[in-house]
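Numbering (the numbering used here), first residue to last: 2 to 425. Beta carbons are placed, not taken as given, at the ideal position from N, Cα and C, and that holds for glycine. Here's the structure we're looking at; comments come further down.
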Ligand code: ATP
Ligand code: MG
């Protein structure tokens, strides 16, 4: 993409109406815009990151046999009454329709998915079923002061599984834990993310949260470094040792809940009268699990973790562009400026041809200093610089945003060198 055509600009100054670090830096770099507390627009750069996070999750959940669907955000009151959550879900946004009926903006989707799946499952041969979606969720959060970490409107991947019996659910649940680890690994968060034992509601002793250690985190966990497992502070009275090795040597840390998975038993299938015929011909309700991850919260988490004093430092898999190509405009010698531009245009085209995603700073009215500052703030993993000086050597300068390491590479070797960055 040509940066001269990108309508967003970077800014040196922190936005006045925002106190959370992730939102400040993402707003300064032109990734998001704030509409109101906990409500944000995803701008072109931010949307690319958000989509990449979603795609990593989608690929991994598809491997688990999840089938993607899309459920509505607008949901009728009766479905929430059927489960008793119309009155008990404290953050539910409720509204009246023109027909005097009442609705909720869905905060979660058990009330929608359960009756929908029930219409297609008749026999034990139809199970298990796993369906998921990426959907906007609405929650009337009291404290929406943490930028993307706590939206009133936010994105969630929610997966729901239905099983003939508890053993089958237990097996699937373990597979989801492995898949979640793989997702956080691909996001560059493996070292900081702990599977955390938390209160599980009525149907299992625990639910499992995935907690990423960060100062901005609103949760407190007690972590066992040996097992890479943790206990949430909220249940530490019940479980004061490592749930895996029993060690008492737990370290207190602040963390962000980036995922949460639950065994739901038959609460929702019972509520909607969802039964199937088991092998003996009896009508029984399936057992259910639900598995959430917040892509928008993850984007905020990545911004909290991957930055330095100059700006964002995106992990390669989720960067808005793999390469930021900068052409510098020499103040002198117009002819040289023209040559540099032509050469940089060609590099841009050549990289695109091999599938490398490039943001090309082709702006002619910006100084070198302004271009460097914008590039550091936006945080693409690789910066390619074309200047009068590099051109004199038929080369470009390739800089790693994370390490600062600089390599001088001949122009005719550049595509070969960078094509490993191609989007697969
Ligand atoms: P929290 O305890 O932080 O309020 P929760 O336990 O209510 O979160 P879940 O219902 O488990 O959240 O939602 C599944 C996932 O959705 C969470 O693990 C998180 O990644 C994401 N999520 C939940 N609430 C928000 C929010 N307000 N803004 C952004 N992401 C959220
Ligand atoms: Mg949770």
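Residue 360 sits away from residue 48, with the two beta carbons spaced by 9 Å or more. If only complete runs of 4 or more residues are kept, the stretch 70-101 shows the alpha helix (DSSP H) at 78-83, 86-89, in order along the chain. Residue burial annotation: residue 144 is exposed, with fewer than 16 other C-beta atoms found within 10 angstroms of its C-beta.
The DSSP assignment places complete beta strand (DSSP E) segments of no fewer than 3 residues inside the stretch 288-353 at 288-294, 324-328, in order along the chain.
If you draw a straight line from the Cα of residue 238 to the Cα of residue 50, it comes to about 39 Å. For residue 161, the uninterrupted beta strand (DSSP E) segment begins and ends at 154-164.
With respect to the C-alpha of residue 424, the residue from 281, 318, 412, 386 having the closest C-alpha is 318. In this structure, DSSP gives residue 226 a state outside helix and strand, which the three-state scheme calls coil. Closest in alpha carbon position to residue 387, among 17, 198, 347, 356, is 347. Residue 39 places its beta carbon less than 9 Å from that of residue 154.
Looking from the CA of residue 77, the closest CA among 70, 64, 91, 102 belongs to 102. Near ligand 2, meaning a beta-carbon closer than 7 Å to one of its heavy atoms, we find 210, 258, 261, 293.
Taking 9 Å as the cut-off, the beta carbon of residue 383 is found closer than this to the beta carbon of residue 400. Taking the CA atoms as reference points, residue 36 sits about 23 Å from residue 53. Judged by the Cβ position, residue 162 fails to qualify as a neighbour of ligand 1 at the 8 Å threshold, every heavy atom of the ligand being at least this far. Per DSSP, the beta bridge partners of residue 3 are 361.
Within 8 Å of the C-beta of residue 145 there is at least one heavy atom belonging to ligand 1. At least one heavy atom of ligand 1 is found less than 8 Å from the C-beta of residue 138.
Between residue 162 and residue 135, the C-beta spacing is not below 9 Å.
In the structure shown, the three-state DSSP call for residue 9 is coil.
Listed in chain order, the non-local C-beta contacts of residue 311 below 6 Å within the same chain comprise 377, local neighbours out to five positions each way being set aside. For residue 261, the enclosing beta strand (DSSP E) starts and ends at 252-266.
Not one heavy atom of ligand 1 falls within 8 Å of the beta-carbon of residue 66. Annotation: residue 19 to residue 57 spans about 29 Å, alpha carbon to alpha carbon.
Cβ neighbours of residue 169 within its own chain (closer than 7 Å, five residues either side excluded): 129. Nearest neighbour of residue 71 by Cα position, chosen from 132, 63, 100, turns out to be 132. Taking 9 Å as the cut-off, the beta carbon of residue 274 is found closer than this to the beta carbon of residue 119. Residue 126 is classed as exposed because its beta carbon has fewer than 16 other beta carbons within 10 Å across all chains shown.
At the C-beta level, residue 296 and residue 55 come within 9 Å of one another. Counting of Cβ neighbours within 10 angstroms places residue 404 among the exposed residues, the total staying below 16.
Secondary structure of residue 190 (DSSP, three-state): coil. By the neighbour-count criterion, in which 16 or more other beta carbons inside 10 Å mark a residue as buried, residue 246 falls on the exposed side. Cα atoms of residue 196 and residue 261: separation of roughly 9 Å, rounded to the nearest angstrom. Between ligand 1 and residue 297, a heavy atom-to-CB distance of less than 8 Å is present.
Around the C-beta of residue 123, fewer than 16 other C-beta atoms lie within 10 Å, and the residue is accordingly described as exposed. DSSP links residue 106 through a beta bridge to 75, 94.
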